[in-house]
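Residue numbers (this note's numbering), protein chains in the order written: chain A, 3 to 116; chain B, 1387 to 1497.
Worksheet: the structure to be examined is printed underneath.
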């Protein structure tokens, strides 16, 4: 099946700094990618839909200026957590649908903000 | 609003036995997809099974099968011949556009 990668898999940063997370579709093109957030022992919450060549669509309650999404190419979407604070600590997962609309998930990125 | 509900936060089953995980959803959409995903301790989301709403026939993938009741908006997952490797969180998911996940069921397979 198709493969989606995320980088980094784990990042620790100081409060107030910005962190960029990359999501890549390795063997297929994705005009759309999705970003999720997962707190410990909880479900995945859709944060935003990343669209290649256009602005991302954010879910209600997600701060656009806090979570910047850039879909630079058909294989790369980035999520930047700006001015990170401890409450932003979470597990972030991306996914991308292939031609047949099956979603493939990245392995996730664990963000810890000190 | 679209919602997905999993009413069983935790379940356990003996190895080789059968277990059924429940999922109900609510939507006004007529065309949509339903999924069951498995999330093992590695946290990698793995697709278990997929059901298109327009198909009446229940999907089956080896030991995994679903009971899809469209009118009742129910989508349960049956795992037959449970194996230790089936121990994981299981999420029911709905999509018409973007994904909505249920709260998950933690399944433990006992030796």
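Using N, Cα and C, we set each Cβ at its ideal position, and we do this for glycine too.
Reduced DSSP category for residue 67 of chain A - H, G, I as helix; E, B as strand; rest coil: coil
Best match in B:1466, B:1477, B:1493 and B:1437 for proximity to residue 1450 of chain B [C-alpha to C-alpha]: B:1466
Under 8 angstroms between C-beta atoms of residue 92 of chain A and residue 39 of chain A: The Cβ-Cβ distance between residue 92 of chain A and residue 39 of chain A falls below 8 angstroms.
Residue 1455 of chain B - containing beta strand (DSSP E), residue span: 1450 to 1455
Residue 1411 of chain B and residue 1439 of chain B closer than 8 angstroms at C-beta: Taking 8 angstroms as the Cβ cut-off, residue 1411 of chain B and residue 1439 of chain B do not qualify as a contacting pair.
Amino acids of chain A, ordered along the chain, whose beta-carbon sits closer than 8 angstroms to that of residue 1480 of chain B: In chain order: nothing, as chain A lies at least about 11 angstroms away.
Residues that residue 1449 of chain B contacts on chain A, provided the C-beta gap is smaller than 8 angstroms: Here the premise fails: no neighbours, minimum Cβ distance about 19 angstroms.
Among A:56, A:16, A:72 and A:63, nearest to residue 96 of chain A - alpha-carbon criterion: A:72
Contacts of residue 56 of chain A in chain B (Cβ-Cβ under 8 angstroms): Think of a sphere of 8 angstroms around the beta carbon of residue 56 of chain A: no beta carbon from chain B falls inside it, the nearest being about 15 angstroms out.
Cβ shell of residue 1464 of chain B (< 6 angstroms), same chain only, five flanking positions each side left out: 1406 and 1451
From B:1490, B:1485 and B:1473, residue whose alpha carbon lies closest to that of residue 1400 of chain B: When only C-alpha atoms are compared, the closest one is B:1473.
Close Cβ partners of residue 1487 of chain B (< 6 angstroms) along its chain, the five nearest in sequence each way excluded: 1477 and 1479
Exposure of residue 37 of chain A, with buried meaning 16 or more beta-carbon neighbours within 10 Å: Under a 10 Å Cβ-count criterion, residue 37 of chain A is classified as buried, with 16 or more other Cβ atoms of the shown protein chains found around its own Cβ.
Where residue 32 of chain A falls, given that 16 or more other Cβ within 10 Å makes a residue buried: buried
Supposed contact pair residue 116 of chain A and residue 17 of chain A - C-beta distance, whole angstroms, cut 8 angstroms: That pair is a contact at about 6 angstroms.
CB contact check: residue 41 of chain A to chain B, cutoff 8 angstroms: no
Straight-line Cα distance separating residue 94 of chain A from residue 1458 of chain B: 33 angstroms
Chain-ordered residues of the region 1397 to 1424 of chain B with a beta carbon less than 9 angstroms from chain A: 1419, 1421 and 1423
Supposed close pair residue 1431 of chain B, residue 1437 of chain B - CB separation, criterion 8 angstroms: About 17 angstroms separates the beta carbons of residue 1431 of chain B and residue 1437 of chain B, which is beyond the 8 angstroms limit, so they are not a contact pair.
Minimum Cβ-Cβ distance from residue 1461 of chain B to chain C less than 8 angstroms: In summary, chain C is missing from the structure at hand, where the protein chains are A and B.
Beta-carbon separation (whole angstroms), residue 85 of chain A vs residue 35 of chain A, contact threshold 8 angstroms: In fact, because the Cβ distance is near 23 angstroms, the residues do not count as touching under 8 angstroms.
Rounded Cβ spacing between residue 1491 of chain B and residue 1395 of chain B (contact assumed at less than 8 angstroms): 7 angstroms
Within chain A, partners of residue 1433 of chain B - CB distance below 9 angstroms: The answer, in chain order, is 3, 104, 105, 106 and 107.
Three-way DSSP call (helix, strand, coil) for residue 2 of chain A in this model: Outside the modelled stretch of chain A, which goes from 3 to 116, sits residue 2 of chain A, for which no answer is possible.
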